[in-house]
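Heads up: the structure comes next, in structure tokens.
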Amino acid sequence: MRYPNLRPCINKMSKFSNFRDVISSISKIPTFQRCISNYREMRFNLCFRVAEEIPSPICRTVHTSNVASAKDYYKILGIPRNASSVKIKEAYYELAKKKHPDVNAGNPEARAKFQEISEAYKVLGDEAKRKEYNQWGTTDEFSEDGFTSNLDPEELFRSSFQGFHTEFSKSDYAESETEFSSYEVVMNLTFEEAALGVNKDVSLNVSDTCPDCNGQRCKPGTKPEKCIFCQGTGKESVSLGSLTMRSTCRKCNGTKVLIKNPCTGCNGQGTTIQKRKVTIAVPSGVKGGQIVQVQITRKSQLFVTFKVSRSKYFRRYGADVHSNATISIYQALLGGTIRIRGLYEELVLKIAPCTSSHIRMKLEGKGIRLANSYSCGDHYVNIKIRAP
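For what it's worth, the UniProt record's numbering labels the leading residue of the sequence shown as 1, then goes sequentially.
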């Protein structure tokens with residue numbers, strides 16, 4: 001359809017600031033009737049079509065997607081919204097095996113479900129499409145009525161899992177899902193312990209290798225048996241008509257063995273909860289709120305947060321320490337030596353004659369030695385004269 005030239009309409013409408021004036025102006029334009037007849041079969045009103053071409057916007061149109069009727073892809077795959085990409089692929093694989101048309105021959109509902117599952121994985125399996133779906137509830141790839149015509153569910157399933165047995169093998173998949181057990185403690189330190197460093201013990205209940213079976217999961221004196229379901233390969237073959245897939249054995253979970261006599265100490269788990277004393281080497285110069293990480297076992301770690309108490313004698317400024325020393329008026333006039341408390345040892349401080357109050361004396365290298373550093377801070381002594 002060839003649309004009439006609307007430029008005369010737009011030029012006149014742009015002179016008005018409100019919609020009522022625009023309507024009044026349109027009614028006086030000779031081409032108005034022709035525009036109505038040409039646009040009658042279109043879905044949107046002529047006024048909005050003209051308004052979109054006006055330089056200064058008169059009204060705003062909002063295009064809404066069919067979010068209310070959009071499919072919940074997470075619910076279709078049976079996974080939470082924060083599921084990892086590995087979990088998404090695993091859920092799709094399990095559902096696709098059950099609903100594959102070759103397995104459910106003659107069942108049209110299974111074919112429709114297989115299409116729906118493939119549609120959900122097509123979106124959630126792609127990071128960019130998943131992000132768009134999480135934000136808008138739909139993607140540009142799928143129309144309102146669902147699956148696109150250019151996507152073959154069979155090809156999607158075949159291409160996604162042609163290497164499934166390697167990606168989800170016990171050595172790769174299990175390690176990717178393994179998480180470290182983390183423990184947290186707050187350790188109280190005195191000012192001197194934080195400044196000088198100290199070794200302190202912490203008692204924890206941690207998960208570690210079972211001492212009875214040494215992690216073998218079977219009773220002492222017995223051995224695990226080769227899995228008869230996968231013949232000790234850790235993988236099983238799943239036939240889907242003309243398509244054969246290999247995945248982790250569901251009986252032995254990819255371990256290749258079966259435990260017929262499980263260890264009573266760990267119930268066949270290979271690990272037990274054990275009380276462990278951990279020695280924490282507190283480095284010199286730590287500050288309050290500082291956190292250090294300590295490896296306890298191969299799969300457990302400890303995070304220690306230090307809480308340093310105030311000192312009645314010392315004050316800290318970075319690697320330097322400050323303290324006060326009080327002398328008599330006679331020592332200030334005549335001079336002499338005094339003994340003061342140092343961070344590492346008792347120090348001798350020489351007082352010059354005619355020393356005034358509130359002067360600061362520096363003892364170089366007598367401050368805090370920071371961890372992994374060869375230099376030390378300084379000790380500053382603030383002199384105060386005691387009034388007679």
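For every residue, glycine included, the Cβ atom is placed at its ideal position computed from N, Cα and C.
Quick caveat: nothing in here was measured; it's all calculated off a predicted structure.
Query	Result
Excluding the 5 residues preceding and the 5 following residue 389 in the sequence, name in chain order all residues of the same chain whose CB lies nearer than 8 Å to its CB.	Residue 389 lies beyond the residue range present for the chain, which begins at 1 and ends at 388; the question has no answer from this structure.
Could you tell me which residues DSSP puts in a beta bridge with Gln-331?	Paired residues: none, contrary to the question.
What's the C-alpha gap between Arg-339 and Leu-349?	6 Å
Taking C-beta to C-beta, are Arg-250 and Glu-236 nearer than 8 Å?	yes
Provide the residue span of the beta strand (DSSP E) that contains Arg-315, from first to last.	315-317
Decide yes or no for the touch test of the region 306-320 against the region 182-191: beta carbon pairs closer than 8 Å, at least 3 of them.	yes
In the structure shown, what three-state DSSP assignment does Leu-95 receive?	helix
Kindly indicate which residue of Ser-328, Thr-297, Tyr-183 has the alpha-carbon position closest to the one of Pro-388.	Ser-328
If you count every other CB in all the chains shown that lies within 10 Å of the CB of Cys-354, and 16 or more means buried, which is it?	exposed
Assuming the contact rule is C-beta atoms closer than 8 Å, Thr-209 and Thr-271 should be a hit. Round their C-beta distance to whole Å, please.	6 Å
Would you grab the beta carbon distance between Val-186 and Lys-307 for me? Rounded to a whole angstrom, and I think it's under 8 Å.	6 Å
Quick one: grab the DSSP three-state call for Arg-81.	coil
Looking at C-beta atoms only, is the number of pairs between the region 288-304 and the region 362-373 that lie closer than 8 Å three or more?	no
Tell me, to the nearest whole angstrom, how far the beta carbon of Lys-366 is from that of Gly-342; I am working on the premise that it is less than 8 Å.	6 Å
Please list, in chain order, all residues of the same chain as Phe-147 whose beta carbon is under 6 Å from its beta carbon, the five residues on each side excluded.	Here Phe-147 scores only 45 on pLDDT, less than 50, and its place in the model is too uncertain to base an answer on.
Would Ile-88 and Leu-95 qualify as a contact pair, given that the criterion is a beta-carbon distance under 8 Å?	no
My guess is that Ser-181 and Lys-299 are in contact by the Cβ rule of under 8 Å, so how many angstroms apart are they, rounded?	6 Å
Ignore the nearest five residues each way along the sequence and tell me which others in Cys-252's own chain have a CB closer than 8 Å to its CB.	Cys-227, Phe-229, Cys-230, Gly-234, Leu-258
Looking at Ile-351 and Gly-335, is the spacing between their C-beta atoms short of 8 Å?	yes
Please list the segments of the beta strand (DSSP E) lying wholly inside the region 288-373, counting only runs of 3 or more residues, in order along the chain.	291-297, 300-308, 315-317, 320-327, 336-341, 346-351, 360-363
Quick one: give me the first and last residue of the beta strand (DSSP E) that Gln-274 is part of.	271-282
DSSP on Lys-384, reduced to helix/strand/coil?	strand
Distance check for Tyr-121 and Asn-107, CA to CA, integer angstroms please.	22 Å
Going by the DSSP bridge assignment, what does Asp-208 pair with across the sheet?	Thr-272
On a CA-only basis, which of Tyr-133, Gly-268, Thr-297 is nearest Lys-275? Give me that one, please.	Thr-297
Label Glu-90 either buried or exposed according to how many other C-beta atoms from any shown protein chain fall within 10 Å of its C-beta, with 16 as the threshold for buried.	buried
Below 8 Å on the Cβ atoms is my contact criterion, and I expect Val-292 with Val-304 to pass it. Report the Cβ-Cβ distance as a whole number of Å.	5 Å
Go ahead and label Ile-273 buried or exposed: buried means 16 or more other beta carbons lie within 10 angstroms of its beta carbon, across all protein chains shown.	exposed
Per DSSP, Thr-248 forms a beta bridge with which residues?	Lys-235
If you draw a straight line from the alpha carbon of Tyr-380 to that of Ser-323, how long is it in whole angstroms?	6 Å
Go ahead and pull the three-state DSSP assignment for Val-198.	strand
Could you tell me the boundaries of the beta strand (DSSP E) in which Leu-118 lies?	The sequence as given places Ser at residue 118; Leu does not occur at that position. From DSSP, Ser-118 is part of no beta strand (DSSP E) but of the alpha helix (DSSP H) over 108-124.
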